[in-house]
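Numbering (my numbering), first residue to last: 1152 to 1302.
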C-alpha cells in the first residue's frame, strides 16, 4: 500500500511543471544608456528647459509654426526612403511633390503650401519600414539630446 501511494505521489509530481525561471534579458547597452540618460536629464533641467521656455515666450506663434514647417520639410529624405523601402511609391511621389512645392513656393518650407493643396504628409521612418517587413527592433538605446530609440 505504501508503495502504491509512493508511486502515485511520484506520478503526480512528475506531471507538475518545473519551476520555470524567467530568462532575464540583460540590456547590452545599459551602462551607456544610464550615462546618456543622466546627461539628458541634466541638460534638460539646466539648459534645454530654459531655452525652450524663452523661445516660447519670445518667438511669436506664427514664426514657431514656420520654423516647425522648415524642420518638417528637412525630414523629407527620411520619409522618402521609408516609403520607397515599403514599396509605397504613390506616397513617395506625394512626399517628393510636397518637398518641391514647399521648398520653392513655401520659401524653404516655411509655409506648408502642399498641405493647402491637399497633399498630406505621412510621418514615416525606417522603424515603420522595418516593422512593415516584420524585422524586430534591436536593443534599447538612449541617444544624447534625442532621447530613447532602438538599434
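Quick reminder that beta carbons are idealized off the backbone N, C-alpha and C, glycines included.
Everything numeric in this text was worked out from a predicted model, so none of it was measured.
For this session: Name the one or two DSSP bridge partners that residue 1292 has.
Result: Numbered from 1 along the chain shown, position 141 holds the residue referred to as residue 1292. According to DSSP, which records beta bridges pairwise, residue 1292 is partnered with 1300.
Exercise. Which residues mark the beginning and the end of the alpha helix (DSSP H) in which residue 1182 is found?
Worked result: What you label residue 1182 is simply residue 31 of the chain shown in a count that begins at 1. Looking at the DSSP string, the run of the alpha helix (DSSP H) that includes residue 1182 is 1181-1194.
Exercise. How about residue 1288 and residue 1301: are their beta carbons less than 8 Å apart?
Worked result: Here residue 1288 refers to the residue found at position 137 when the chain shown is read from its first residue. Here residue 1301 refers to the residue found at position 150 when the chain shown is read from its first residue. The answer is yes: Cβ separation under 8 Å.
Problem set entry | Residues near residue 1191 by beta carbon distance below 8 Å, same chain, minus five either side | If you number the chain shown from 1, residue 1191 lands on position 40. Here the set comprises 1293, 1295, 1296, 1298.
Problem set entry | Closest by C-alpha distance to residue 1233, when choosing among 1283, 1201, 1198, 1182 | Working through the chain shown from its first residue, we reach residue 1233 at position 82. It is 1283.
For this session: Using 10 angstroms around the beta-carbon of residue 1264, count the other beta-carbons present and answer buried if the total reaches 16, otherwise exposed.
Result: Position 113 of the chain shown, counted from the start, is the residue given in the question as residue 1264. Buried is the label assigned to residue 1264, since at least 16 other Cβ atoms lie within 10 Å of its Cβ.
Exercise. Helix, strand or coil: which one does DSSP assign to residue 1219?
Worked result: Taking the chain shown and counting its residues from 1, one reaches residue 1219 at position 68. In the three-state reduction of the DSSP assignment, residue 1219 falls in the helix class.
For this session: With distances taken Cα to Cα, identify the nearest neighbour of residue 1250 among 1235, 1228, 1237.
Result: As a working note, residue 1250 is residue 99 in the chain shown. Of the residues 1235, 1228, 1237, the one whose Cα lies closest to the Cα of residue 1250 is 1228.
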